[in-house]
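Taken in order, these protein sequences are the chains called X and G.
Just so you know, we're using this note's numbering here: the first sequence kicks off at 141 and counts up by one.
Just so you know, we're using this note's numbering here: the second sequence kicks off at 108 and counts up by one.
Glycine residues also receive a C-beta, built at the ideal position from the N, C-alpha and C atoms.
Note that the structure is a prediction, hence the values are computed from the model and not measured.
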Amino acid sequence: MDLVVSLPKRSDVVHAGGSSHRLALTVAVASIFTAGMSVWSLWPFWSSNPVLGVINLLVAVSLVITGIVLGEVSYHRTTALMIVSAAVFWLMSWWWAWPPEWQVGPLALLSNVFGYMWFVFGGTALLRYPNAVLSTRFERVCFAAMAAWVCLGKVVIALVSEPEWDDYSPWSWWPTVTPDRGLHDALTAVFYVGVVTFAVLVLFLLLQKLRRTRGMDRLDSLPVIVAASTVTVSGVIYRSARLFDFSPQVIEGLRVTIGASALVTPLAFLMTVLRRRLARSAVADLVVRIAGAPTVAHVQRELRCTLQDPSLTLWAWLPEQSLYANVDGALHPGPHDGYGWSVPIRTSGGAHLAVLVLDQSLRRHPALVESAVVAAGLALEVQAQLAEVIASRMRITAAAVDERRRLERDLHDGVQQSLLAASASLGAARVKAPESSEVMAAIEQARDDLRTASAELRQLARGIHPAVLSQSGLLPAIEDVAERLPLNVDLRIPAQRWNAEVETTVYFLACEAFTNAVRHSGARRVSLSVDAGDAAVNVEIRDDGRGGAVPSKGSGLAGMRDRVHALGGTLTIHSPAGGGTFIRAVVPCE
Amino acid sequence: MRIALADDSNLFRRGLRLLVAAVGVEVAFEARDPSALLTLVEADPPDAVIVDIRMPPTFTDEGLVVAETLTARYPEMGVLVLSTYNETAYAVRLLEGCGQGVGYLLKDRVDDVSALVDALERVCAGRSAIDPDIVARLIAQHRRVDEMAELTARERDVLAHMAQGRSNAGIGLALGLSARTVEAYVASVFQKLRLPAAGDDNRRVLAVLTWLRATVQKI
Numbered sequence: 141m142d143l144v145v146s147l148p149k150r151s152d153v154v155h156a157g158g159s160s161h162r163l164a165l166t167v168a169v170a171s172i173f174t175a176g177m178s179v180w181s182l183w184p185f186w187s188s189n190p191v192l193g194v195i196n197l198l199v200a201v202s203l204v205i206t207g208i209v210l211g212e213v214s215y216h217r218t219t220a221l222m223i224v225s226a227a228v229f230w231l232m233s234w235w236w237a238w239p240p241e242w243q244v245g246p247l248a249l250l251s252n253v254f255g256y257m258w259f260v261f262g263g264t265a266l267l268r269y270p271n272a273v274l275s276t277r278f279e280r281v282c283f284a285a286m287a288a289w290v291c292l293g294k295v296v297i298a299l300v301s302e303p304e305w306d307d308y309s310p311w312s313w314w315p316t317v318t319p320d321r322g323l324h325d326a327l328t329a330v331f332y333v334g335v336v337t338f339a340v341l342v343l344f345l346l347l348q349k350l351r352r353t354r355g356m357d358r359l360d361s362l363p364v365i366v367a368a369s370t371v372t373v374s375g376v377i378y379r380s381a382r383l384f385d386f387s388p389q390v391i392e393g394l395r396v397t398i399g400a401s402a403l404v405t406p407l408a409f410l411m412t413v414l415r416r417r418l419a420r421s422a423v424a425d426l427v428v429r430i431a432g433a434p435t436v437a438h439v440q441r442e443l444r445c446t447l448q449d450p451s452l453t454l455w456a457w458l459p460e461q462s463l464y465a466n467v468d469g470a471l472h473p474g475p476h477d478g479y480g481w482s483v484p485i486r487t488s489g490g491a492h493l494a495v496l497v498l499d500q501s502l503r504r505h506p507a508l509v510e511s512a513v514v515a516a517g518l519a520l521e522v523q524a525q526l527a528e529v530i531a532s533r534m535r536i537t538a539a540a541v542d543e544r545r546r547l548e549r550d551l552h553d554g555v556q557q558s559l560l561a562a563s564a565s566l567g568a569a570r571v572k573a574p575e576s577s578e579v580m581a582a583i584e585q586a587r588d589d590l591r592t593a594s595a596e597l598r599q600l601a602r603g604i605h606p607a608v609l610s611q612s613g614l615l616p617a618i619e620d621v622a623e624r625l626p627l628n629v630d631l632r633i634p635a636q637r638w639n640a641e642v643e644t645t646v647y648f649l650a651c652e653a654f655t656n657a658v659r660h661s662g663a664r665r666v667s668l669s670v671d672a673g674d675a676a677v678n679v680e681i682r683d684d685g686r687g688g689a690v691p692s693k694g695s696g697l698a699g700m701r702d703r704v705h706a707l708g709g710t711l712t713i714h715s716p717a718g719g720g721t722f723i724r725a726v727v728p729c730e
Numbered sequence: 108m109r110i111a112l113a114d115d116s117n118l119f120r121r122g123l124r125l126l127v128a129a130v131g132v133e134v135a136f137e138a139r140d141p142s143a144l145l146t147l148v149e150a151d152p153p154d155a156v157i158v159d160i161r162m163p164p165t166f167t168d169e170g171l172v173v174a175e176t177l178t179a180r181y182p183e184m185g186v187l188v189l190s191t192y193n194e195t196a197y198a199v200r201l202l203e204g205c206g207q208g209v210g211y212l213l214k215d216r217v218d219d220v221s222a223l224v225d226a227l228e229r230v231c232a233g234r235s236a237i238d239p240d241i242v243a244r245l246i247a248q249h250r251r252v253d254e255m256a257e258l259t260a261r262e263r264d265v266l267a268h269m270a271q272g273r274s275n276a277g278i279g280l281a282l283g284l285s286a287r288t289v290e291a292y293v294a295s296v297f298q299k300l301r302l303p304a305a306g307d308d309n310r311r312v313l314a315v316l317t318w319l320r321a322t323v324q325k326i
């Protein structure tokens, strides 16, 4: 199955759901209007041949409905307009049967000249569908030539004929120059040979297009092309019969036949358009629903629902293991058709993502399956990309933690040792120096300065990365912070180790929360609990201060939120004025 | 007294050697990591060893580990762990792991040779030595405010000295009190803080330190 199909355009998706009421109303109004126009245009047939009347009324109405439904999709508007025009021209072509008193002014001539335009517009609309364009230059030239032949041919014939020779009322307005029955008949024959040639040409182009298209498009085009072929064939028979002057009963019968076959085309077209629309709206719903699907299990559930296949199984491809895994965790080297119909799911770039195993009966709905597979591929691809983004953020965080540890070690093992060596040498000098001398005073001063420098350096190093955290873990590290606080601190922390990024994040979160409690909230008591879940560490910090903490931009709390987010976690702060501050963080861990 | 030094910083070892030499303490040998230290100690055990808490290969808690090994192998030997970290968790771990004859001193103390020598002498005598700054910080936090308030100023001094690892005699010497008076203060402190009577001085240090840190509730 070819997955690189274009996605449903935005307008499809929007129209598919919201405007069905508006569409129904438009269809109803247009149908009534078209039916009214048909009753008027086909007036004589309601008494002479009601079957013909009804068939032609249905042709016009079905063409109009097809046009309206197709026109819902913005890029099909022009094609839709052509189909509606074809309906109007179709009705106009029957005005010859009107009573003479109705054929006033240029109506008869208009009917004669433009009557065959239904064929031009209808044929072109077929050629334009479903790509919405005439794909080759040859097709465009054919379209122009057809329009010119049909209109100009009729005008030329009218110049050498009387209106009644073409079944119109003898009293209607006609641009006759030199009436010549022989010339009229010859030109008419040439005209219809041309029309039939064009009809065959259109049919040929349609068949060519059918050979080029595949998948869903091919299935859509097939019934329309078959119907169009019957119209062409019956049209050729009808015209031939008229040329050879068959009896009026035969002609009338042939008119019913051509009408009936003409009806099949718009009905086939309408059926195709509606089927596409239904399938597409189901897929549009699917796309919307799985857009936020966070897991493979979610995607599978939505696919089961949309394709109505409760046995549907999604096997995700694990490139590292070269195995497929399903939602329940079962592994498989490669699901094949023995299990059902297996359809590969790929990214838009063609990379293998998963295999979908479907019930065999779904083979009858390839269009729906294809769209569903594209939607599922998108969702899975987004998930894969999201996982990659999270992984890269975690790698960056891990690198930052490593860098801080390295910096702390450099400070400790380099600067700190030098300062302490100086302190020791000074201690030795102090032993030798005479008591209460100036030398002793200078040594004492230097000793105090060194102590201050050493203390400041230690504080700096601890702020960068506390050594006790990497060495002994969260419990001793946070205990140590808590010991320095002028607050009552309740800690509930398991003596457990996590990876460095998780521990560092929780540690600095605790420091930030403690700092806020001491500096801003006037709290007397703060409690911190760390709970180890299977997949995440839950941290809760609560104080009894005045509340009102806001993680404004650039603040410590906002920084903590970013750190937690970088690990794919969440941080919530509840701090009502006067109600204390409650901070809850969930940090994922392996 | 003959001691050994273990620290990965040449600069610091040189300063320390200079310092102890000034008061007549002989440095028998130096090592830059635990395995070298253990080899040298085995060949020629000194009276005491000064070890840095952070040494190769991992620069984490090698000093604590080697202190446990040394006190287990050589019960008579004093081990003084030097640390730049004012982390009481390490001090408690050292006391718990080694029992007696160990001390935990902040490296800052190297500018005060008398404090260093005092600690060395205590660990050689099988007693404990906890840095006064660590104890002072724990007391200064004024947590367990209510219980602490029950102590008189003198009792608080006695508490601090107990936490540093001094014997009753040592406390008496430091505070200018008789051994009997100190005994009475110690009994009073234990009663007011509801501490269980400690069997020996080292257990007493551990009990007091633990009490001081005990606002932190572990699960």
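Query: Decide if ASP114 (chain G) is buried, meaning its Cβ has at least 16 other Cβ atoms within 10 Å, or exposed.; Result: buried
Query: For a test of the three-state rule: what should DSSP assign to ARG256 (chain X), helix, strand or coil?; Result: The identity of residue 256 (chain X) in the sequence shown is Tyr, whereas the question assumes Arg. DSSP places TYR256 (chain X) in coil when its eight states are reduced to three.
Query: List, in order along the chain, the chain G residues whose C-beta lies closer than 7 Å to that of GLY567 (chain X)?; Result: LEU126, VAL217, ASP218, ASP219 and VAL220
Query: Relative to the C-alpha of ILE157 (chain G), which residue among G:ALA196, G:THR167, G:GLU203 and G:GLU228 is closest?; Result: G:GLU228
Query: Taking DSSP as the reference, what is the three-state secondary structure of ASN678 (chain X)?; Result: strand
Query: Is VAL295 (chain X) near the ligand SAM, with its Cβ less than 7 Å from a heavy atom?; Result: Judged by which ligands are present, the structure shown has none, so any question about the ligand SAM falls away.
Query: Select from the region 187 to 210 of chain G all residues with a C-beta closer than 7 Å to any C-beta belonging to chain X, and list them in chain order.; Result: THR191, TYR192, GLU194, THR195 and ALA196
Query: Find out if the Cβ-Cβ distance for the pair GLU548 (chain X), ALA601 (chain X) is shorter than 8 Å.; Result: yes
Query: Specify, as a first and last residue, the run of the beta strand (DSSP E) that LEU212 (chain G) falls within.; Result: 209 to 213
Query: Under a Cβ-count criterion, where at least 16 other Cβ atoms within 10 Å of its own Cβ denotes burial, should PHE119 (chain G) be classed as buried or exposed?; Result: buried
Query: In three-state terms, what does DSSP make of ALA111 (chain G)?; Result: strand
Query: Taking a cut of 8 Å between CB atoms, which residues from the region 115 to 139 of chain G lie near chain X?; Result: ASP115, SER116, LEU118, PHE119, ARG121, GLY122, LEU123, LEU125, LEU126, ALA128, ALA129 and VAL130
Query: Spell out whether any CB of chain X is found under 8 Å from the CB atom of ILE326 (chain G).; Result: Bear in mind that the predicted position of ILE326 (chain G) carries a pLDDT of just 34, short of 50, making it unreliable; the figure below should be weighed with that in mind. Closer than 8 Å: yes.
Query: Distance, Cα to Cα, THR264 (chain X) vs LEU343 (chain X)?; Result: 11 Å
Query: Take ARG415 (chain X) and list the residues in its own chain whose beta-carbon comes closer than 6 Å to its own, dropping the five residues that flank it on each side.; Result: none
Query: Kindly list, in the order they appear in chain X, the residues whose Cβ is closer than 8 Å to that of LEU245 (chain G).; Result: GLU623
Query: For HIS216 (chain X), is the classification buried or exposed, using 16 other Cβ atoms within 10 angstroms of its Cβ as the cut-off for buried?; Result: buried
Query: Start and end of the alpha helix (DSSP H) containing SER795 (chain X)?; Result: Because chain X in this structure spans residues 141 to 730, residue 795 (chain X) falls outside the shown range and cannot be described.
Query: Would you check if the region 594 to 611 of chain X and the region 154 to 168 of chain G touch, i.e. whether three or more CB-CB distances between them fall below 8 Å?; Result: yes
Query: Using the Cα positions of SER251 (chain X) and GLN389 (chain X), report the straight-line distance between them to the nearest angstrom.; Result: 23 Å
Query: By the 8 Å beta-carbon criterion, what residues does the region 158 to 170 of chain G contribute toward chain X?; Result: ARG161, PHE166, THR167 and ASP168
Query: What's the call for PHE261 (chain X), buried or exposed, on a 16-neighbour Cβ count within 10 Å?; Result: buried
Query: Looking at chain X, which residues of the region 295 to 317 of chain G have a Cβ within less than 7 Å of any of its Cβ atoms?; Result: none
Query: If we define contact as Cβ-Cβ less than 8 Å, is ARG320 (chain G) a contact residue for chain X?; Result: yes
Query: By the 10 Å Cβ neighbour count, where 16 or more other Cβ atoms means buried, how is ASN275 (chain G) classified, buried or exposed?; Result: buried
Query: Using a Cβ cut-off of 8 Å (strictly closer), state whether ASP731 (chain X) contacts chain G.; Result: Residue coverage of chain X in this structure runs from 141 to 730, which leaves residue 731 (chain X) outside it and unanswerable.
Query: Hey, is GLN599 (chain X)'s beta-carbon within less than 8 Å of any beta-carbon in chain G?; Result: no
Query: Within a Cβ cutoff of 7 Å, which residues of the same chain sit near ARG261 (chain G), ignoring the five residues on either side of it in sequence?; Result: TYR292
Query: Tell me the DSSP secondary structure of TRP180 (chain X) in three-state form.; Result: helix
Query: Under 8 Å, Cβ to Cβ, is there at least one residue of chain G near LEU590 (chain X)?; Result: yes
Query: Could you confirm whether any beta carbon from chain G is found closer than 8 Å to the beta carbon of GLN556 (chain X)?; Result: yes
Query: When you compare the CB of VAL608 (chain X) with every CB in chain G, is at least one pair closer than 8 Å?; Result: yes
Query: What did DSSP end up calling TRP457 (chain X) once you bin it into helix, strand or coil?; Result: strand
Query: Is the Cβ of PRO506 (chain X) closer than 8 Å to any Cβ of chain G?; Result: no
Query: On the three-state DSSP scale, how would you describe ILE160 (chain G)?; Result: coil
Query: Out of curiosity, what's the CA-to-CA distance linking LEU202 (chain G) and TRP455 (chain X)?; Result: 57 Å
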